[in-house]
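To convert, take the position in the sequence shown, counting from 1, and add 10; that gives the working numbering.
A short write-up of the structure that comes next.
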Amino acid sequence: MIYIADENDDGKRVDILLTDILSGVSRSKIQTQIKNGNIKINGKIQKSSYITKEDDVIEITETVTEPVKIEPENIKLDIVYEDENMLVVNKPSSMLTHPTINETSGTLVNALLHAYGNNLSDLNGEFRRGIVHRLDRNTTGLLMIAKNNKTHEFLSEQIKNHKIEKKYRAIVKGDWEKDEEIIDLPIGRNPKQPHKMMVREDGKESQTILKVIRRFKEATAVELTLITGRTHQIRVHMSHKGHPIYNDTLYGAGKGKVSTDEQVLQSFSLVFTKPFSDEIISLTIPPDEKYIKVYNYFEGREK
11 MIYIADENDD GKRVDILLTD ILSGVSRSKI QTQIKNGNIK INGKIQKSSY
61 ITKEDDVIEI TETVTEPVKI EPENIKLDIV YEDENMLVVN KPSSMLTHPT
111 INETSGTLVN ALLHAYGNNL SDLNGEFRRG IVHRLDRNTT GLLMIAKNNK
161 THEFLSEQIK NHKIEKKYRA IVKGDWEKDE EIIDLPIGRN PKQPHKMMVR
211 EDGKESQTIL KVIRRFKEAT AVELTLITGR THQIRVHMSH KGHPIYNDTL
261 YGAGKGKVST DEQVLQSFSL VFTKPFSDEI ISLTIPPDEK YIKVYNYFEG
311 REK
């Protein structure tokens with residue numbers, strides 16, 4: 011089994027990470043297997059205390075665990091764009107981008123496997139066939155999928171060099187002070203709550219451009235452009251500035267009066283270069299149901 015660490019794994023001890031990934035395998039057994047060389051990171055034997063970095067290649071032999079098969083599932087895909095090398099889907103809320111050991115069905119990858127079979131990139135392993143980047147479970151919107159490894163590399167390079175423009179829409183709590191603002195605050199893992207990120211001096215450079223779309227009495231509708239793409243970047247930046255995203259209970263918003271499945275955050279715009287050409291693809295989707303519901307709630311309170 012090959013597992014490639016993504017930005018969500020960055021900063022975790024490898025034995026703790028693998029305890030989360032490998033269902034039913036104890037941390038002590040994982041530590042023993044690392045020591046015995048049955049688990050390697052980037053081709054080398056490391057200590058159990060090794061701190062995982064994004065893009066680390068973790069090789070796990072069958073002596074540790076049997077590979078888990080991800081089954082295709084007939085789940086409808088909302089395809090916004092498609093060509094011979096890639097597609098862009100509109101991911102709904104409550105859907106994981108890819109499976110985990112503990113949740114292997116109902117994800118976007120399960121749906122992609124049904125629709126495209128093996129015609130998906132596998133650079134990030136079987137759990138993330140076709141997945142170039144990801145969205146949180148309850149963040150909706152545009153997501154790029156690679157049909158082959160060369161396309162995956164092409165798109166990943168664009169992301170790494172900040173050549174892809176990603177815009178989000180959100181509703182945040184309170185009245186945002188400035189009409190436009192560049193938020194430049196480094197982000198790293200929260201040492202006390204490893205499933206969360208936080209602003210910290212030794213974190214990775216993280217930049218978000220914010221533009222106010224509409225102010226309400228108790229909330230602000232905003233447009234956000236990612237310059238970098240750290241884990242939970244928008245959610246962390248908004249929370250740190252004292253304006254968490256509406257219903258983002260993980261980052262301090264509290265449960266809102268309007269019922270939604272957590273944060274009101276949508277990836278609504280993507281601009282990228284079509285693989286192996288000079289053509290610029292620009293995609294935009296309308297506000298989702300969750301955003302409209304909360305927007306109308308605050309608008310109605312002002313009438």
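Beta carbons: idealized from backbone N, C-alpha and C, even for Gly.
The structure presented is a predicted model; accordingly, all values stated were derived computationally and were not measured.
- How would you label Pro254, buried or exposed, when you count the other beta carbons within 10 angstroms and need 16 or more for buried? Locating residue 254 in the sequence shown gives position 244, where the first residue counts as 1. The residue is buried, with at least 16 neighbouring Cβ atoms inside 10 Å.
- Message: Just verifying my parser: in three-state terms, what is the DSSP assignment at Glu167?
- Response: In the sequence shown, residue 167 corresponds to position 157, counting from 1. In the structure shown, Glu167 sits in a helix (DSSP, three-state: H, G or I).
- When burial is assigned at 16 or more other CB atoms within 10 Å of the CB, is Asn100 buried or exposed? For the purposes of this step, residue 100 is taken as the residue at position 90 of the sequence shown. Around the Cβ of Asn100, a 10 Å sphere holds 16 or more other Cβ atoms; the residue is buried.
- If you drop the 5 nearest sequence neighbours on each side, which residues of the same chain put their C-beta closer than 8 angstroms to that of Lys86? Taking the sequence shown and counting its residues from 1, the one referred to as residue 86 is at position 76. Excluding positions up to five away in sequence, the list reads Ala121.
- Item | Cα-Cα separation between His124 and Lys267, rounded to whole angstroms | Against the sequence shown, residue 124 aligns to sequence position 114. Against the sequence shown, residue 267 aligns to sequence position 257. His124 and Lys267 have their alpha carbons spaced roughly 38 angstroms apart.
- Query: What first and last residue would you give for the alpha helix (DSSP H) that runs through Gly310?
  - Reply: In the sequence shown, residue 310 corresponds to position 300, counting from 1. Start and end: 299–311.
- Under 7 angstroms between C-beta atoms of Thr230 and Ile219: As a first step, residue 230 must be located in the sequence shown, where it is residue number 220. As a first step, residue 219 must be located in the sequence shown, where it is residue number 209. Going by C-beta atoms, Thr230 is not nearer than 7 angstroms to Ile219.
- Item | Coarse secondary structure for Ser103, derived from DSSP in three states | Within the sequence shown, numbered from 1, the residue matching residue 103 stands at position 93. In this structure, DSSP gives Ser103 a state outside helix and strand, which the three-state scheme calls coil.
- Item | Cut-off 6 angstroms between Cβ atoms - residues of its own chain near Leu97, not counting five sequence neighbours on either side | For the purposes of this step, residue 97 is taken as the residue at position 87 of the sequence shown. Only residues of its own chain outside the window of five on either side were considered, and among them Ile89, Ile155 have a CB closer than 6 angstroms to the CB of Leu97, listed in chain order.
- Query: Per DSSP, what kind of secondary structure is Arg179 in: helix, strand or coil?
  - Reply: Residue 179 sits at position 169 when you count from the first residue of the sequence shown. Under the three-state reduction of DSSP, Arg179 is assigned to strand.
- Message: Please identify the residue among Glu309, Tyr307, Gly21, Ser287 whose C-alpha is closest to the C-alpha of Thr161.
- Response: In the sequence shown, residue 161 corresponds to position 151, counting from 1. Taking only the C-alpha atoms, the option nearest Thr161 is Ser287.
- Task: Could you please give the first and the last residue of the uninterrupted beta strand (DSSP E) stretch that includes Arg225?
- Result: What you label residue 225 is simply residue 215 of the sequence shown in a count that begins at 1. Start and end: 217–225.
- Message: Here's a check: name, in chain order, each residue in its chain whose Cβ is nearer than 7 angstroms to the Cβ of Asn257, leaving out the five neighbours to either side.
- Response: Along the sequence shown, one-based indexing puts residue 257 at 247. Cβ within range, chain order: Ala263, Lys265, Gly266, Thr270, Glu272, Gln273, Val274.
- Message: Using only the alpha-carbon positions, how far apart do His205 and Glu163 sit?
- Response: Working through the sequence shown from its first residue, we reach residue 205 at position 195. Working through the sequence shown from its first residue, we reach residue 163 at position 153. Straight-line Cα distance between these residues: approximately 28 angstroms.
- Item | Classification of Gln276 by the beta-carbon crowding that lies within 10 angstroms, buried from 16 upward | Taking the first residue of the sequence shown as position 1, residue 276 is located at position 266. When all chains shown are included, Gln276 counts as buried.
- Query: Quick one: what's got a C-beta closer than 8 angstroms to Ser104's C-beta in the same chain, skipping five residues either side?
  - Reply: Along the sequence shown, one-based indexing puts residue 104 at 94. Cβ within range, chain order: Arg147, Asn148, Asp271.
- Query: If we ignore side chains and look at the alpha-carbon of each, how far apart do Ser259 and Asp132 end up?
  - Reply: In the sequence shown, residue 259 corresponds to position 249, counting from 1. In the sequence shown, residue 132 corresponds to position 122, counting from 1. Here the sequence assigns Thr to residue 259, which means Ser is not the residue at that position. Taking the straight line from one Cα to the other gives about 34 angstroms.
- Below 8 angstroms CB to CB, which residues in the same chain sit around Ile341 once its five sequence neighbours on both sides are set aside? One cannot answer for residue 341 here, as it falls past the ends of the chain, which runs 11 to 313.
- With 7 angstroms set as the bound, which would you pick, yes or no: does the beta-carbon of Tyr261 sit closer than that to a beta-carbon of chain B? The chain labelled as chain B is not found in the depicted structure, where only one protein chain is given.
- Task: Give the DSSP-derived three-state secondary structure of Leu87 in the structure shown.
- Result: As a first step, residue 87 is located in the sequence shown; it is residue number 77 there, counting from the start. In the structure shown, Leu87 falls within a coil segment according to DSSP collapsed to helix, strand and coil.
- In chain order, what residues of the same chain lie with their CB nearer than 6 angstroms to the CB of Asn129, ignoring the 5 residues before and after it? Translated into positions along the sequence shown, residue 129 becomes position 119. In chain order, Lys157 place their CB closer than 6 angstroms to the CB of Asn129, counting only its own chain and leaving out the 5 sequence neighbours on each side.
- Exposure label - Gln43; buried when at least 16 CB within 10 Å: As a position in the sequence shown, residue 43 is number 33, starting the count at 1. Classification for Gln43: buried.
- Could you tell me which of Met207, Gly198, Phe226, Gln203 sits nearest to Lys214, measuring between CA atoms? Here the question's residue 214 lines up with position 204 in the sequence shown. Of the candidates Met207, Gly198, Phe226, Gln203, the one whose C-alpha sits nearest the C-alpha of Lys214 is Gly198.
- Message: Since Glu228 and Gly184 should fall inside the 8 angstroms C-beta cutoff, what is the C-beta to C-beta distance between them, to a whole number of angstroms?
- Response: Within the sequence shown, numbered from 1, the residue matching residue 228 stands at position 218. Within the sequence shown, numbered from 1, the residue matching residue 184 stands at position 174. Confirmed, Cβ separation roughly 7 angstroms.
- Endpoints, the alpha helix (DSSP H) within which Lys39 is located: Your numbering for residue 39 matches position 29 in the sequence shown. Run containing Lys39: 37–45, per the alpha helix (DSSP H) assignment.
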